[in-house]
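Okay, structure first, notes after.
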Amino acid sequence: MQRVIHTPDIAKQLGLLGHGALMRPNGYGRRFAAKLEIDQSIVDELFSRFGLVWEMEEPDLGHFIGNNYLMGAHVHVHTDPAPEGFHHVRCNVAIEMPKFGGKPVLDGVELDVGEGDAWICFSSIEEHSSTPVRNGDRVVVSMASLIEKHIAESAYGKLAPKISAT
Ligand SMILES: [Fe+2]
Numbered sequence: 718m719q720r721v722i723h724t725p726d727i728a729k730q731l732g733l734l735g736h737g738a739l740m741r742p743n744g745y746g747r748r749f750a751a752k753l754e755i756d757q758s759i760v761d762e763l764f765s766r767f768g769l770v771w772e773m774e775e776p777d778l779g780h781f782i783g784n785n786y787l788m789g790a791h792v793h794v795h796t797d798p799a800p801e802g803f804h805h806v807r808c809n810v811a812i813e814m815p816k817f818g819g820k821p822v823l824d825g826v827e828l829d830v831g832e833g834d835a836w837i838c839f840s841s842i843e844e845h846s847s848t849p850v851r852n853g854d855r856v857v858v859s860m861a862s863l864i865e866k867h868i869a870e871s872a873y874g875k876l877a878p879k880i881s882a883t
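Residue numbers for the sequence shown follow the numbering used here, beginning at 718 and rising by one.
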């Protein structure tokens, strides 16, 4: 299973959706809109490109669009909750990336993600964050699924070998 894939076709469809989202403030230099309505065929397609079957809606945030727009804004290190028996899994698509920073960091490893790329985050298993943005906006659409624990853990164990942190 790949950690990062190139999905410009999906990014293009989601980019249009982003323009209509009403975003709320979410800490320094950040805003987001949760519980986005995204055509299920797009969600299914993205999860399938990572070799997973979308299973169940994630009740807290659902699918969301997040924007880091001020110098130094970033996502702090955290994990996300999941109900008993499930993991919280997110496929994220980079719609727009700043000139510097805005890169996802998963389990302490920074991923080289550019516009039009998607990455998978086992967000109830691994710590995740992003590097501070500089010179431009970071716009990410995040699609969530609750996935049965044993399926998610098996997929997580099959991730392509991690690239060393730089
Ligand atoms: Fe998260």
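Ideal Cβ positions, reconstructed from N, Cα and C, are used throughout, including at glycine.
Proximity test, residue i beta-carbon vs ligand 1 heavy atom, cut-off 6 angstroms
i           : result
residue 797 : yes
residue 847 : no
residue 871 : no
residue 841 : no
Within-7 angstroms CB hit, residue i to chain B
i           : result
residue 722 : No chain B appears in the structure shown, which is made up of a single protein chain.
Range covered by the beta strand (DSSP E) that runs through residue i
i           : result
residue 834 : 834-838
residue 847 : 845-847
residue 822 : 821-823
Classification of residue i by the beta-carbon crowding that lies within 10 angstroms, buried from 16 upward
i           : result
residue 816 : exposed
residue 860 : buried
residue 830 : buried
residue 871 : exposed
residue 855 : buried
residue 820 : buried
For residue i: DSSP bridge partner residues
i           : result
residue 660 : The first residue shown for the chain is 718 and the last is 883, placing residue 660 beyond what the model contains.
residue 813 : 856
residue 867 : In DSSP, residue 867 forms no bridge with anything.
residue 784 : 748 and 856
Check: residue i C-beta below 6 angstroms from any heavy atom of ligand 2
i           : result
residue 867 : Within the structure as shown, ligand 2 is missing, the only ligands being ligand 1.
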